[in-house]
Structures are given as C-alpha cells and as structure tokens.
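S.K.: This is the structure I have questions about; it appears just below.
Residue numbers (the working numbering): 9 to 66.
Below, the structure is given as structure tokens:
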C-alpha cells in the first residue's frame, strides 16, 4: 500500500494513520438521463460522515 501511494504519478492516494484514501473524486461522464422521484413521506435524511467534520457541513 505504501508503494502504491508513493509511486502513484498523479498523487491520487494518501495514508493517514492506518488508513489509505483517494485524494480526488473519480468522475466518469455518462450519456444518460436520470429522473429522481420526490418522496414527500421522508421525514429524516441521513448522511454518513466523521463527527469531526460536522462543523464544516452545518
């Protein structure tokens, strides 16, 4: 894993403590139309994040 991080020419990965992560998003263009149906019955929306990032989000 350390070799992957250090040898990646684009620098797309990093190691923090004991975790490896992608530094940049991975985007792929798709030629499709997506329609989302509204669900007015939903009362709660969940978003997974680390507790330390909450102040940045709210």
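Quick reminder that beta carbons are idealized off the backbone N, C-alpha and C, glycines included.
1. Out of 38, 37, 19, 65, which one is the CA nearest neighbour of residue 30?
2. Between the alpha carbons of residue 61 and residue 44, how many angstroms are there, rounded?
3. Could you name the residues of the same chain whose beta carbon sits closer than 8 Å to that of residue 22, not counting the 5 residues immediately before and after it, in chain order?
M.R.: In this structure, then:
1. 19
2. 28 Å
3. 13, 28, 29, 31
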